[in-house]
Every structure is written in structure tokens, then in C-alpha cells.
Amino acid sequence: MKVTVEQQPKSSVILDIVADDDEFKQAVNRAFRRVNELVNVPGFRPGKAPRQLVEQRVGRDLIVQEAHREVMDDLYRRALEQEDIVPVSDPEVDVYQDEPVGFKVTIQVYPKVDLGDYSTISVEPREVNATEEEVEDVIQNLRKQQSTWVEPDEPRAPVEGDQVILDFEVYEGDEEFHEPVVGADFVLGEGPLFKQIEEAVKFLQPGADAEFDINFDEDDEEVPEQIRGKTLHYKVKLQEVKSRELPEVDEEFLKSINEEYSTIEDLREAIRKDLLQNKVQQSRDEFLDEAFEKFAELASLEVPDGLVDRELEREYQQLGERLGQQGMSMDEYLRMTQKTESDIQSEMRPDVANRVRNSLVLEAFGEAEGVEVTDEDINAEIETMVGDNEQAEQMKELYQSDYFKNMLRSQLENRKITEHLIEHVSGGVGAITGEGKALLDEQSSSAIAESTEVEGSSDDDSSENADADSDEEQAAEAESAGDGDDEAEQKPGE
């Protein structure tokens with residue numbers, strides 16, 4: 001086998017592969033025997049007809065093509081191994097020679113990343129604190145969630161924060177723009193009503209109505225696309241006005257939020273931690289985004305489209321799964337958003353490409369810094385995951401599978417490299433300072449203590465590796481607080 005490699009832009013290469021004469025002759029002979037078993041030559045049993053008669057009956061080209069199918073897959077795999085190439089796209093194959101077979105394969109390959117002198121990169125840590133005003137805002141929002149709506153003692157025009165019951169009609173010229181709305185309730189200042197409608201309603205008494213035009217700018221991105229640049233005529237009638245009655249912050253209110261809260265300070269402390277969790281995750285993400293951006297400015301790499309395509313397909317499938325968990329199919333989502341699959345993927349692509357680039361930079365940084373995940377790291381992580389579960393032994397047996405260990409190794413490697421990068425660009429300070437740093441230290445100490453208990457009960461001496469997955473816990477908790485590549489490759493011979 002003879003192989004030559006021609007480098008192409010965008011991390012692509014062309015492999016020119018030619019089979020050895022003897023190797024291909026043997027493949028042709030094997031192909032002839034297979035064809036001979038299948039072809040019907042009068043006067044001869046299957047597999048016993050002379051070669052010349054078989055070739056006259058089916059054509060030599062068919063036998064040669066059969067030989068191509070046999071050897072091309074093997075030649076392609078051997079060429080990848082010989083040249084140490086990792087493809088990230090399906091091959092494009094062009095056969096230019098029949099005997100011995102010669103063909104060119106165009107593929108995108110895993111890119112080489114030159115990080116440059118990254119020792120100069122530094123990123124300012126983010127100070128994270130939770131203010132009393134922020135805590136109080138959350139408490140007020142909790143009170144609003146449990147508020148009741150009551151009619152005022154005397155009829156009056158609505159004010160900010162009141163609930164209004166409206167009827168309205170919308171026209172474009174003399175044509176009805178959409179069906180009339182009857183008895184719709186909104187909260188002034190907190191709902192989807194346009195400001196012009198809210199201001200007009202504030203001058204109405206219950207039972208009164210108003211008519212007015214609204215001119216929507218062509219480039220106003222805060223309004224739906226279908227009404228940009230239009231002038232619409234509104235007819236609005238105010239049916240009712242109700243004011244909000246907030247509950248007192250008493251024991252009943254506290255218990256309605258969490259049975260464990262007995263004082264307002266319990267609630268404030270829980271809110272403060274939730275706020276910090278959310279801010280820590282957001283600030284850490286911003287810190288890493290800045291770090292990756294600075295690495296990308298120094299690094300030399302071409303992100304192959306094949307890697308982006310593969311990741312885009314994976315994330316698009318994940319979007320469909322999340323929609324399914326919410327009871328909505330992808331087709332329903334596309335109809336609701338009035339978009340096509342191509343539209344959604346085009347919108348996703350820039351962010352996906354950015355994440356692929358960051359992943360390549362992170363992996364290259366880890367290799368340059370010699371960051372490794374040991375078997376001890378994996379075993380310690382399994383111990384932490386199992387904890388004191390009643391089915392600990394069964395879980396451990398499950399987690400010992402190669403599939404799970406490889407997945408866990410990848411996750412731990414990503415985490416260790418990320419933490420090493422944070423230490424590097426922050427000068428050892430870390431991504432987070434202030435109250436957020438104190439919270440992370442508290443969680444880390446708690447996680448290590450729990451892990452140590454697990455190891456002590458299982459007679460495991462590897463306490464130095466008993467570091468729990470605090471980053472993932474923080475991310476999950478922050479997300480909660482904020483509420484309110486293996487792919488089958490096409491083969492050249494196919």
C-alpha cells in the first residue's frame with residue numbers, strides 16, 4: 001500500500017491510497033471465487049465455471065468492483081493508522097484507478113492546536129456578594145406569588161401593580177388585525193402589555209374605554225416581527241381593577257415556603273445562599289468565557305466543520321429531548337416558533353462552534369500542562385457517588401464497566417483541566433472572591449468531609465482523592481436557584 005497525504009484548509013486532508021499489485025491481485029481472485037458461486041454458467045456447477053466464461057458472462061468490471069469493496073475499507077483504516085490521523089467527518093471518496101485500486105479520500109481531521117505563549121494570560125477574578133436589597137427583592141417576589149387580588153373600596157383608575165381585566169380589538173386600517181380579546185387579565189408593569197396600552201388604561205375608570213393608534217418602528221426588536229413598521233388601531237375597554245394584597249411575613253408564610261423555616265432569618269439565609277449560588281455559576285461562566293477568548297486570540301487552530309456539525313446534531317437532539325420532557329414535540333415547537341429545522345440549527349451554530357473551539361483549547365492546555373486523571377481519581381469519584389447507598393456494592397459493580405469509567409474519566413479530566421486553567425489565569429486566586437468564595441469553600445469542606453466518611457466506612461485509604469464533585473453540585477444548585485464522540489463512520493467502500 002502506498003499512501004500520500006496532502007494538507008488542505010480547514011483541517012482537511014486528502015489521502016491518496018494505492019493498493020500493492022500482489023495484494024490487489026489476491027483480492028481480485030477472491031472476488032472471482034465469490035462471483036463464481038453466484039453466477040449461473042450453463043454446463044457448470046456453481047463455483048466450477050472457468051474464469052474466462054464467468055468474465056464473459058458478468059464482465060470483468062463487476063469482479064474488479066467486488067474486489068474494490070473488499071479492500072478499500074481495509075486500506076483506508078490502515079492508512080489512518082499509518083499516518084496517525086483521526087477523522088472527524090465522513091470520507092469523500094474518488095476512485096481514479098481500477099487495477100490496482102487507487103483512490104483519494106478527502107476528510108476533515110482532528111486539528112492541531114498551537115496555544116502560543118499562554119503564560120501571559122491573566123483574568124481578573126469576579127467578586128460575588130449578595131446584598132440585603134437583593135434578598136428583600138426575593139422576599140417581596142415570594143409574597144407576590146402568594147398574594148390575593150381584591151377589589152378597591154371605591155372604584156378608581158388603575159395604578160402600577162394593579163390587576164386589570166381588559167377587552168380589546170386591534171385593527172390595521174379597516175381590517176381586523178386579529179380576533180377580539182375578551183376578559184384578559186394583566187398586571188400593570190409586570191405583564192406583556194405594550195407601554196402605550198398601559199398608559200392609556202391608567203386614565204380609565206372601570207367600564208370606560210379608549211381608542212388610539214400605536215406606531216411600531218421597523219427596527220424595534222422588542223415587539224413581534226409581524227407588527228414592526230405597522231400602525232395599529234386599538235379599542236380597549238377596562239372591565240375591572242383589582243389591587244394586590246400581600247401576605248404578612250409570619251410563621252404561616254414561612255412554612256408555606258419550606259417547613260424547615262421557623263424564622264425570617266432562616267428564610268433570608270436560604271435566599272442569600274441561592275442568590276450566591278446563581279451568581280457564582282454565572283460569574284464563573286463569565287470568567288471562563290473571558291479566559292477562553294484570550295486563549296483563542298493567541299492560539300492557532302482551525303475548527304473543522306465536521307466537528308461543529310457533529311456537536312450541532314447532538315445538541316439539536318438534546319433540544320428535542322428537553323422539549324419531549326415538557327410534553328412538546330419538535331414539530332410542534334417548529335410550528336409554534338414559525339421556524340424550520342435549518343433555522344434553529346443556524347441560530348445554534350455560532351454558540352456550538354464557540355464551545356467546540358473552547359473544548360479544543362482546553363484539551364490542548366491540559367496536554368501542555370500534563371494534567372492527567374489517574375485510576376485513583378476515578379475510584380475516589382465512584383466512592384463519592386456511591387456514598388452510603390443501600391445498594392452500594394451493586395452500584396460499584398455497575399460503575400466498574402469500561403463504558404462508565406471512560407465516561408467518568410472524560411468528565412474528571414475536563415474538570416481537572418478547567419480548575420487548573422482557572423488557577424493559572426487567576427494567579428492562584430480562583431475565579432470567585434467575596435461571599436461567593438466563602439460559600440464555595442464551605443461546600444468544598446462539607447463535600448470532603450462526607451467523602452472521607454464514605455472512605456472510612458469502606459476501608460479505602462485514598463483520602464487524598466476524596467474530592468467530591470463540588471463544581472457540578474454548584475452548577476445544579478445554581479440552576480435551581482435561578483428558576484423563578486462516538487459516531488459511526490461511513491466507509492470508503494460503501
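The numbering of the sequence shown is this note's numbering, which starts it at 1 and goes up by one.
A virtual CB, placed ideally from N, CA and C, is assigned to each residue, including glycine.
Neighbourhood of residue i by C-beta distance below 6 Å, restricted to the same chain and skipping five residues each side
| i | result |
| --- | --- |
| residue 88 | 108, 110, 304, 306 and 307 |
| residue 223 | 216 |
| residue 214 | 196 and 232 |
| residue 6 | 14 |
| residue 268 | 135 |
Straight-line Cα distance separating residue j from residue i
| i | j | result |
| --- | --- | --- |
| residue 454 | residue 161 | Low confidence applies to residue 454: its pLDDT is 42, below 50, so where it sits in the model is not reliable, and the reading given next is rough at best. C-alpha separation (whole angstroms): 52 Å. |
| residue 98 | residue 73 | 15 Å |
| residue 286 | residue 363 | 19 Å |
| residue 167 | residue 339 | 31 Å |
| residue 456 | residue 380 | At residue 456 the pLDDT is 44, less than 50, meaning the model places this residue with poor confidence; the figure from the coordinates comes in the next sentence. If I take the Cα positions, the gap works out to 12 Å. |
| residue 191 | residue 118 | 48 Å |
| residue 230 | residue 206 | 29 Å |
| residue 56 | residue 20 | 26 Å |
| residue 473 | residue 440 | Any answer about residue 473 is weak, because its pLDDT of 40 lies below 50 and its placement is not dependable; what the coordinates show is given next. Each residue's Cα considered, the two are about 11 Å apart. |
| residue 289 | residue 120 | 17 Å |
| residue 324 | residue 427 | 44 Å |
| residue 194 | residue 295 | 44 Å |
| residue 265 | residue 435 | 17 Å |
| residue 468 | residue 384 | Confidence at residue 468 is low in this model, with a pLDDT of 35, below 50, so its placement is unreliable and the value that follows should be read with caution. Each residue's alpha carbon lies about 6 Å from the other. |
| residue 321 | residue 401 | 26 Å |
| residue 369 | residue 96 | 45 Å |
| residue 318 | residue 281 | 22 Å |
| residue 1 | residue 365 | 36 Å |
| residue 142 | residue 184 | 24 Å |
| residue 389 | residue 405 | 19 Å |
Cβ-based neighbour list, residue i, same chain, cut-off 7 Å, excluding 5 preceding and 5 following
| i | result |
| --- | --- |
| residue 409 | 373 and 378 |
| residue 82 | 3 |
| residue 28 | 63, 64 and 67 |
| residue 112 | none |
Burial state of residue i (16 or more Cβ within 10 Å)
| i | result |
| --- | --- |
| residue 418 | buried |
| residue 403 | exposed |
| residue 11 | buried |
| residue 203 | exposed |
| residue 50 | exposed |
| residue 163 | buried |
| residue 226 | exposed |
| residue 80 | buried |
| residue 437 | buried |
| residue 357 | buried |
| residue 76 | buried |
| residue 71 | buried |
| residue 284 | buried |
| residue 394 | exposed |
| residue 277 | buried |
| residue 32 | buried |
Cβ pair residue i, residue j closer than 7 Å
| i | j | result |
| --- | --- | --- |
| residue 130 | residue 275 | yes |
| residue 208 | residue 236 | no |
| residue 152 | residue 188 | no |
| residue 128 | residue 279 | yes |
| residue 416 | residue 371 | yes |
| residue 53 | residue 41 | yes |
| residue 232 | residue 186 | no |
| residue 14 | residue 103 | no |
| residue 300 | residue 94 | no |
| residue 122 | residue 425 | yes |
| residue 432 | residue 126 | yes |
| residue 413 | residue 352 | no |
| residue 245 | residue 147 | yes |
| residue 100 | residue 24 | yes |
| residue 495 | residue 155 | This structure does not reach residue 495, given that the chain is present from 1 up to 494, and the question cannot be answered. |
| residue 58 | residue 86 | no |
| residue 239 | residue 165 | yes |
| residue 150 | residue 272 | no |
Bridge partner(s) assigned by DSSP for residue i
| i | result |
| --- | --- |
| residue 231 | 215 |
| residue 100 | Residue 100 pairs with nothing; no bridge assigned. |
| residue 257 | None, per the DSSP bridge assignment. |
| residue 114 | 300 |
| residue 242 | 163 |
| residue 171 | 176 and 233 |
| residue 198 | DSSP output for residue 198 lists no bridge partner at all. |
Close-in-space but distant-in-sequence residues of the same chain around residue i (CB under 8 Å, 5 per side omitted)
| i | result |
| --- | --- |
| residue 37 | 46 and 47 |
| residue 349 | 308 and 312 |
| residue 218 | 228 and 229 |
| residue 256 | 146 |
| residue 172 | 230, 231, 232 and 233 |
| residue 116 | 298, 299 and 300 |
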